[in-house]
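J.:
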Amino acid sequence: MYIQETEAPVEPYNLRGQEKKKNEISSLEDAIEDLNAAARNLRARTDDEIPTAPGVCLDGAFLDDSSGWLTHETIPFGIRLKEFPDVHFSIQTIRNQGDLIESSALEPRIKQAEADANRMGMGHWYRQIKVFRRGDRQIEGWTGYEALVHLPEQEDVSAHHDFKFMGLGHPTDPVKPKLDVQMQTGVADNTIGNSRASITDEEAVALWDKLTSTIRVRPVGGPGTGKAASNDPLPPHAPSVPLGELAVTGRQCPQTGWWQCPDVGAIDGGHRFIREGQVMPKVDIVGKPSLWQRLKGERPMWQTATVWTLLSYEPMPDTADASALPSSAPSKADGEQA
20 MYIQETEAPV EPYNLRGQEK KKNEISSLED AIEDLNAAAR NLRARTDDEI
70 PTAPGVCLDG AFLDDSSGWL THETIPFGIR LKEFPDVHFS IQTIRNQGDL
120 IESSALEPRI KQAEADANRM GMGHWYRQIK VFRRGDRQIE GWTGYEALVH
170 LPEQEDVSAH HDFKFMGLGH PTDPVKPKLD VQMQTGVADN TIGNSRASIT
220 DEEAVALWDK LTSTIRVRPV GGPGTGKAAS NDPLPPHAPS VPLGELAVTG
270 RQCPQTGWWQ CPDVGAIDGG HRFIREGQVM PKVDIVGKPS LWQRLKGERP
320 MWQTATVWTL LSYEPMPDTA DASALPSSAP SKADGEQA
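So for the sequence shown, the numbering used here puts the first residue at 20; every next one is plus one.
1. Does DSSP classify H180 as helix, strand or coil?
2. By the DSSP assignment, the alpha helix (DSSP H) with W88 in it spans what residues?
3. From the DSSP output, in three-state form, read off P127 for me.
4. Is the beta carbon of Q116 less than 8 Å from the beta carbon of P95?
5. Alpha carbon to alpha carbon, how far is A134 from T71?
6. Would you check if there are 3 or more beta carbon pairs closer than 8 Å linking the region 116-131 to the region 290-298?
7. Per DSSP, what kind of secondary structure is K229 in: helix, strand or coil?
8. On the CB-based measure, 16 or more other CB atoms within 10 Å of its CB, does G74 come out buried or exposed?
9. Helix or strand or just coil, what does DSSP make of I218?
10. Label V302 either buried or exposed according to how many other C-beta atoms from any shown protein chain fall within 10 Å of its C-beta, with 16 as the threshold for buried.
11. I'd like to know whether the C-beta atoms of G288 and P281 end up nearer to each other than 8 Å.
12. Go ahead and pull the three-state DSSP assignment for Y145.
13. Per the DSSP calculation, D175 is bridged to which residue(s)?
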């Protein structure tokens, strides 16, 4: 049995001064359509079956994405070890949407957290952080940044290890999504720092290296099969719609090119490369972080429906190097912070 759940805004938003809740689903109709789309594309799958079609494998089931309806794909999972009950190891993959969100990279977030700590008078605590390793690292096909640290005790939070790796992946390759790997010690009741770490610094680093060295891309399909057809770019042809064309979230994209949304706080200034036939996506919005989120280098994010405007027919380069983008391609909004 599979149970789906989602949420939609319910009036009134304000109860005793509470702020309006930011929802990924902008209306009840959107919520119902999202659930129905998932139900239509869900089918049973045997344990040893590796589907040839694009999609997402679940326990005993498969979400088929042959039609391209699954525009946002985020898969998180966590691992608990019987030998070390306070250690939590997690992996999250997020499929890129034609470009890379450079502001999500780990290195600038760490530097920003250090600057924020000094500015807010927490420099003494920050300088007590023990750094085991910090720098570039390659995991399977992901080039990213790694930081292995031991955080000192703070108020009601016990000292604990906090290890992270972030690889941005490839802008258009569905099997090279953004990869976020983390490991923390001192976890109890799903709260980091709620207990004392059960392993030493050396054991923590050895465990991290052992686990991360096993990460790999699982083969898909049978021998000789390549990428699924729906993931391949459509052949080029003369533009079928004029620049300035509008398309709302949920509609099929009428023209391959660079699109922009008007929403304030949108990732990368609301610019995105979308291929003809794909479903017009929701937009990722970055909110104002809390004090603790700023110290951790994190930012609150949510998604919402929007209206996209066609800006350019320029093609998307098949490269992860942002500097290779054509000069006429849209760039990040000025003033965006990590």
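The beta-carbon is built from N, C-alpha and C at its ideal position, and this holds for glycine as well. Computed from a predicted model, the values in this text were never measured in an experiment.
T.: Taking the geometry as given:
1. Taking the sequence shown and counting its residues from 1, one reaches residue 180 at position 161. Three-state result, H180: strand.
2. For the purposes of this step, residue 88 is taken as the residue at position 69 of the sequence shown. Premise fails: W88 is in no alpha helix (DSSP H) and is neither H nor E.
3. Position 108 of the sequence shown, counted from the first residue, corresponds to residue 127. Correct three-state label for P127: helix.
4. As a working mapping, residue 116 is identified with position 97 in the sequence shown. As a working mapping, residue 95 is identified with position 76 in the sequence shown. No. Outside cutoff.
5. Counting from 1 along the sequence shown, the entry for residue 134 is found at position 115. Counting from 1 along the sequence shown, the entry for residue 71 is found at position 52. Whole-angstrom Cα-Cα distance: 48 Å.
6. yes
7. Start at 1 with the first residue of the sequence shown, and residue 229 comes out as number 210. In this structure, K229 counts as helix in the three-state DSSP scheme.
8. Taking the first residue of the sequence shown as position 1, residue 74 is located at position 55. With 16 or more Cβ atoms within 10 Å of its Cβ, G74 is classed as buried.
9. To locate residue 218, count along the sequence shown from 1; it is residue 199. I218: coil per DSSP, three-state reduction.
10. What you label residue 302 is simply residue 283 of the sequence shown in a count that begins at 1. With 16 or more other Cβ atoms within 10 Å, it is buried.
11. Translated into positions along the sequence shown, residue 288 becomes position 269. Translated into positions along the sequence shown, residue 281 becomes position 262. Not a contact, by the Cβ cut-off of 8 Å.
12. Start at 1 with the first residue of the sequence shown, and residue 145 comes out as number 126. Three-state result, Y145: helix.
13. As a working note, residue 175 is residue 156 in the sequence shown. In DSSP, D175 forms no bridge with anything.
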